[in-house]
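With our numbering applied, the sequence shown corresponds to residues 1131 to 1446, in that order.
Accompanying notes for the structure given below.
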Amino acid sequence: LRGTAFFQVVNQRKPASFRGADLRNAVFSESDLHAASDFTGALINGAMWALSSRFLTVEQLRATKSYQLQDLSECCIGGGEVRLTGQHAYPKVALNLRGFNLRGAVLTKGDFTESDFTGADLREVKFHAAAINQEQLLRQGQPRFGYRTREGDPFDWLRGSLYEGVAFNYMDLSGWDFSKHSLRGTQFYSARLEGAKFDGCDIRDAWLDGRMMGIERLRATKSCREATFSGTTFNAWDFRGFDFSRFNLTECTFDFCILTGADFTDAVISRADFHLCRQTPPTADQIKSTWNCKHGRMEGIRLPLEIAQALRSEKE
């Protein structure tokens, strides 16, 4: 059953049996299986419960072969089908995940504050509408056999990379302290960040929500102080009057941002994307002030149509 899609499958009269099945990369979409369905010995890595009314229970998850192998990489671990609320009142999911491989797993719609992540590999994990304490993640930071970073340092897990590539979506991260950690590739979508600290953070390649993070926290980051936001996606930021002069904005994306009066003098905007800044796009003069425009290196840069046309007209 590897890769099988179960679409609108309803089985409420009696339990279904997936005992010993290979369900890797299977998809359960809009499917409502009996709560007592048997997943004993099943491999569930990569299986997704999309638009589903019921995730695997804690007991069903513990019975799978994936759990017994301590390998829940790319697995979907959920607490229940609940609405996204400001109170984050999710069902409890208490699991012993000590030393587990959770790389790329999705932890969603559950209260995981009683789960144990000590020594777990949480690289690229996705927390979506879930509750967790920062202390739980700090306990997972132990080097694993064979792990190497871009710099070849096997111990950098202890030095601040435990958040790299992790997604925190629809989360309450109020009061969390990310200071001096690397947030490269980290995603914060609709995450509450009241009182959170980002002092000295590397935010290159991150996805940042301006409605939640705010300019002052951005200014406190290492990336801002070093004038490099390469690869960062800025969503719904108010950059009125912001000084981007001489910044490295290579492959930056500005989605629904306000750029009125921002200074882009000599900024490098190679392969940057501005095309979704339709309401308050960068002006032709702002783009002309960049290093790229001055040196005729505009290939790969996405601009709102009217700005691109204005620049072409001036060139002709």
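A virtual CB, placed ideally from N, CA and C, is assigned to each residue, including glycine.
No experiment lies behind these values; they were computed from the predicted model shown.
Can you find the residues in the same chain that come closer than 7 Å, C-beta to C-beta, to residue i, ignoring five residues on each side of it along the sequence?
i, result
"Phe1369", "Cys1387, Ile1388, Leu1389 and Ala1392"
"Ala1260", "Tyr1220, Leu1237, Thr1238, Lys1239, Gly1240, Phe1242 and Met1301"
"Leu1199", "none"
Might you give, ordered along the chain, the residues of its own chain that have their beta carbon closer than 6 Å to the beta carbon of residue i, omitting 5 neighbours on each side?
i, result
"Lys1256", "Val1236 and Ala1297"
"Trp1367", "Gly1340 and Cys1387"
"Met1428", "Asn1422"
"Val1139", "Ser1161"
On a CA-only basis, which of the options is nearest residue i? Give me that one, please.
i, options, result
"Cys1331", "Asp1201, Arg1149 and Lys1352", "Lys1352"
"Cys1205", "Met1342, Thr1248, Leu1252 and Thr1362", "Leu1252"
"Ala1402", "Phe1372, Arg1228, Phe1364 and Arg1132", "Phe1364"
"Ser1375", "Ile1345, Ser1419 and Ala1350", "Ser1419"
"Lys1195", "Glu1160, Asp1152, Leu1232 and His1311", "Asp1152"
"Leu1338", "Gly1315, Ala1350 and Glu1356", "Gly1315"
"Glu1436", "Ala1177, Arg1408, Cys1354 and Ala1172", "Arg1408"
"His1311", "Arg1432, Ala1350, Ala1357 and Phe1394", "Ala1350"
"Ile1399", "Ala1440, Ala1357 and Gln1439", "Ala1357"
Between the alpha carbons of residue i and residue j, how many angstroms are there, rounded?
i, j, result
"Ala1221", "Ser1245", "Before going further, note that residue 1221 is Pro rather than Ala in the sequence given. The alpha-carbon atoms of Pro1221 and Ser1245 are separated by roughly 12 Å."
"Phe1308", "Ser1443", "46 Å"
"Gly1234", "Asp1415", "43 Å"
"Thr1413", "Lys1445", "15 Å"
"Ile1207", "Trp1306", "23 Å"
"Phe1247", "Val1188", "15 Å"
"Ser1291", "Ser1304", "20 Å"
"Met1342", "Gln1317", "12 Å"
"Gly1271", "Asn1155", "Any reading at Gly1271 must be qualified, since the residue scores a pLDDT of 49, below 50, and its modelled position is unreliable; the value itself is stated next. Cα to Cα, the separation comes out at about 28 Å."
"His1425", "Phe1158", "52 Å"
"Ile1417", "Ile1431", "10 Å"
"Pro1411", "Arg1355", "25 Å"
"Thr1279", "Glu1294", "Any reading at Thr1279 must be qualified, since the residue scores a pLDDT of 43, below 50, and its modelled position is unreliable; the value itself is stated next. Near 11 Å, if we compare the C-alpha coordinates of Glu1294 and Thr1279."
"Tyr1319", "Arg1132", "31 Å"
"Leu1441", "Thr1383", "20 Å"
"Pro1313", "Arg1143", "Here residue 1313 is Leu; the residue named in the question, Pro, does not match the sequence. So the two alpha carbons sit approximately 47 Å from each other."
"Thr1380", "Asn1263", "34 Å"
Short check: CB of residue i to CB of residue j, under 9 Å?
i, j, result
"His1258", "Tyr1300", "yes"
"Phe1459", "Phe1404", "Residue 1459 lies beyond the range of the chain shown here (1131 to 1446); nothing can be said about it."
"Leu1406", "Asp1385", "yes"
"Gly1371", "Asp1335", "no"
"Ala1193", "Gly1171", "yes"
"Ser1161", "Phe1185", "no"
"Leu1268", "Asn1231", "no"
"Gly1209", "Gly1229", "no"
Tell me which same chain residues have a C-beta within less than 8 Å of the C-beta of residue i, skipping the five on either side of it?
i, result
"Arg1347", "Leu1323, Ala1326, Lys1327 and Phe1328"
"Ser1167", "Asn1141, Pro1145, Ala1146, Ser1147, Phe1148 and Gln1190"
Can you tell me whether DSSP reads residue i as helix, strand or coil?
i, result
"Ala1261", "strand"
"Lys1418", "helix"
"Gly1340", "helix"
"Lys1424", "helix"
"Val1223", "coil"
"Gln1266", "helix"
"Tyr1197", "helix"
Could you check whether the Cβ of residue i sits closer than 9 Å to any Cβ belonging to chain B?
i, result
"Ala1177", "Among the protein chains of the structure shown there is no chain B, as only one such chain exists."
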